[in-house]
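J.: All residue numbers for the sequence shown refer to my numbering, where the first residue is 23 and numbers rise by one. Glycine is no exception: its CB is placed at the ideal position from the N, C-alpha and C atoms. Predicted, not measured: the structure shown is a model, and the values here were computed from it.
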Amino acid sequence: METIGTWWMWAGFFAIVLVMLAIDLFVVGGGKQHRVSFKEALTWSGIWVSVSMLFAGALWWYLDGAAGREVANEKALQFVTGYLIEKSLAVDNVFVWLMLFNFFAIPLELQKRVLVFGVLGAIIMRTGMIFAGVWLIAQFHWLLYVFGAFLLITGIKMWWFADQEPDLSSNPVIRWIRKHMKVTNELHGERFFVQKQVCGPHGDVQWVRYVTPLFLVLVLVELSDVIFAVDSIPAIFAITTDPFIVLTSNVFAILGLRAMYFLMADMADRFSLLKYGLALVLMFIGVKMLLLDVYPIPVAVSLGVVAAIIGTSVVLSLKKDAHAAR
Numbered sequence: 023m024e025t026i027g028t029w030w031m032w033a034g035f036f037a038i039v040l041v042m043l044a045i046d047l048f049v050v051g052g053g054k055q056h057r058v059s060f061k062e063a064l065t066w067s068g069i070w071v072s073v074s075m076l077f078a079g080a081l082w083w084y085l086d087g088a089a090g091r092e093v094a095n096e097k098a099l100q101f102v103t104g105y106l107i108e109k110s111l112a113v114d115n116v117f118v119w120l121m122l123f124n125f126f127a128i129p130l131e132l133q134k135r136v137l138v139f140g141v142l143g144a145i146i147m148r149t150g151m152i153f154a155g156v157w158l159i160a161q162f163h164w165l166l167y168v169f170g171a172f173l174l175i176t177g178i179k180m181w182w183f184a185d186q187e188p189d190l191s192s193n194p195v196i197r198w199i200r201k202h203m204k205v206t207n208e209l210h211g212e213r214f215f216v217q218k219q220v221c222g223p224h225g226d227v228q229w230v231r232y233v234t235p236l237f238l239v240l241v242l243v244e245l246s247d248v249i250f251a252v253d254s255i256p257a258i259f260a261i262t263t264d265p266f267i268v269l270t271s272n273v274f275a276i277l278g279l280r281a282m283y284f285l286m287a288d289m290a291d292r293f294s295l296l297k298y299g300l301a302l303v304l305m306f307i308g309v310k311m312l313l314l315d316v317y318p319i320p321v322a323v324s325l326g327v328v329a330a331i332i333g334t335s336v337v338l339s340l341k342k343d344a345h346a347a348r
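Here is the structure:
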């Protein structure tokens, strides 16, 4: 696997990630059951984006001196494009989290622990899937066409079903858990498991472990992480197959996901057309991959197209919301 990453670049990246994770998990949102305000979420979202762009600048600065201006420009542009694509596609993940929390009536102040596990799970799963994907593409180049077709079909399906909400009450995962585990009807703070006293068959009192609705949400959040990783990771392979660029852009996009969730919690209804924009992004990336050996679309053009699609969908959503409010 060809990569620009040296051992100390990998070590430095993982050190940055550990520091950012510590800040995100123990500083953002303060202590237990703290309700993150819109202003606080907006501030931290800006900080995470700024840190990511500083990393891109540092990467460019190092490569400019070590490998030349052309390589520096190429790799920095790949990072920024990959970051924008992954950040954009992560918005759909956030929408699913919002739907899950609303369905189970989980208040904002009790969502922190689930989101912590959601972010950690996403990072771990994506790291493994990225290295596996890079290795597979290095061995079987034709897989890029498979990924391209998959993204194109996924984008079409996302566009077609953009206005439809899934029926969580009939979700097979929830039905399996309810059938094989005892589930409480009420929340117990941020706890996933509780012990309850029940009467045994002979009148004796027994302690039985129950799972709470928060545990059901956690399972579905982790499942959504897997599904969206399968959708989003192939997208960045249309930009680069360098594992250092692929992993760093993915992880930086995920690290600020919790702050972005709290930001979107109060604004989701205002972006009703954003799902259509995300569908178009997937379709564009799919077409780009299918044309890889016919007409390779430059990375700069890809960055411009993705930014234009997302920006247009946001503007049109706001205009639609303003028109509906009249």
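In three-state DSSP terms, what is Val327?
T.: Reduced to three states, the DSSP call for Val327 is helix.
J.: Checking the sheet assignment: what are the DSSP bridge partners for Lys204?
T.: For Lys204, which the question treats as bridged, DSSP gives no partner whatsoever.
J.: Using only alpha-carbon positions, find the residue among Val138, Phe266 and Leu40 that is nearest to Leu236.
T.: Closest by alpha carbon: Val138.
J.: When the Cβ atoms of the segment 230–248 are set against those of the segment 202–210, are three or more pairs found closer than 8 angstroms?
T.: With a cut-off of 8 angstroms, the segment 202–210 and the segment 230–248 count as touching, because enough Cβ pairs lie within range.
J.: Could I get the ranges of all uninterrupted beta strand (DSSP E) runs contained in the segment 74–146, with 3 residues as the minimum, in chain order?
T.: The qualifying runs do not exist here; there are none.
J.: In the DSSP assignment, what residue or residues form a beta bridge with Tyr298?
T.: DSSP lists no partner for Tyr298.
J.: What does the alpha-carbon distance come out to for the pair Asp46 and Leu277?
T.: Using only the alpha carbons, I get a separation of about 8 angstroms.
J.: What do you get for Val323, buried or exposed, if any count of 16 or more other CB atoms within 10 angstroms of its CB means buried?
T.: Label assigned to Val323: exposed.
J.: In this structure, what does DSSP give as the bridge partners for Trp164?
T.: For Trp164, which the question treats as bridged, DSSP gives no partner whatsoever.
J.: For the segment 256–268 and the segment 86–106, state whether three or more C-beta atom pairs, one from each stretch, are separated by less than 8 angstroms.
T.: Segments in contact, yes.
J.: Does the Cβ-Cβ distance between Ser110 and Ile249 come in under 8 angstroms?
T.: Cβ atoms of Ser110 and Ile249: not closer than 8 angstroms.
J.: In terms of residues, what are the limits of the alpha helix (DSSP H) holding Phe250?
T.: Here the alpha helix (DSSP H) through Phe250 covers Pro235 to Ile258.
J.: Taking its Cβ as the centre, do 16 or more other Cβ atoms sit within 10 Å of Leu76, making it buried, or is it exposed?
T.: Exposed, by the Cβ-count rule.
J.: From Glu92 to Leu85, what distance separates their C-alpha atoms?
T.: So the two alpha carbons sit approximately 9 angstroms from each other.
J.: What are the start and end residues of the beta strand (DSSP E) that includes Val220?
T.: Unbroken beta strand (DSSP E) run through Val220: Phe215 to Cys221.
J.: Chain B beta carbons: is any one of them nearer than 8 angstroms to that of Gln219?
T.: The structure shown contains no chain B, having only a single protein chain.
J.: Looking at the structure shown, is Tyr317 part of a helix, part of a strand, or coil, going by DSSP?
T.: Coil, per DSSP.
J.: Could you tell me the boundaries of the alpha helix (DSSP H) in which Asn272 lies?
T.: From DSSP, the alpha helix (DSSP H) with Asn272 extends over Pro265 to Leu277.
J.: Just mark Asn272 as buried or exposed, buried being the case when its beta carbon has 16 or more other beta carbons within 10 Å.
T.: By the 10 Å Cβ count, Asn272 comes out buried.
J.: Please report the straight-line C-alpha distance between Lys310 and Gly170, rounded to a whole angstrom.
T.: Roughly 7 angstroms between the two C-alpha positions.
J.: By the DSSP assignment, the alpha helix (DSSP H) with Ala184 in it spans what residues?
T.: Here Ala184 belongs to no alpha helix (DSSP H), and DSSP marks it neither H nor E.
J.: Grab the span of the alpha helix (DSSP H) containing Gly27 for me, first residue to last.
T.: Careful: Gly27 lies outside any alpha helix (DSSP H) and carries neither H nor E.
J.: Are the beta-carbon atoms of Gly299 and Thr334 separated by less than 8 angstroms?
T.: Yes, Cβ-Cβ distance for Gly299 and Thr334 is below 8 angstroms.
J.: Is the number of C-beta pairs between the segment 113–132 and the segment 238–256 that are closer than 8 angstroms three or more?
T.: Yes: the two stretches touch, three or more of their Cβ pairs being nearer than 8 angstroms.
J.: Return the CA-CA distance between Leu338 and Phe214, expressed in angstroms with no decimal places.
T.: In a straight line, the C-alpha of Leu338 is about 40 angstroms away from that of Phe214.
J.: Report buried or exposed for Gly79, applying the criterion of at least 16 other Cβ atoms within 10 angstroms of its Cβ.
T.: So Gly79 counts as exposed.
J.: In chain order, what residues of the same chain lie with their CB nearer than 8 angstroms to the CB of Leu314, ignoring the 5 residues before and after it?
T.: Closer than 8 angstroms at the Cβ level, and outside the excluded window around Leu314, lie Leu166, Tyr167, Gly170 and Ala260.
J.: Would you tell me roughly how many angstroms separate the C-alpha atoms of Pro129 and Ile319, rounded to the nearest one?
T.: Going from the Cα of Pro129 to the Cα of Ile319 covers about 45 angstroms.
J.: My understanding is that Glu62 touches Arg135, with C-beta atoms under 8 angstroms, so please give their C-beta distance in whole angstroms.
T.: Rounded, the Cβ-Cβ distance is 18 angstroms, inconsistent with contact.
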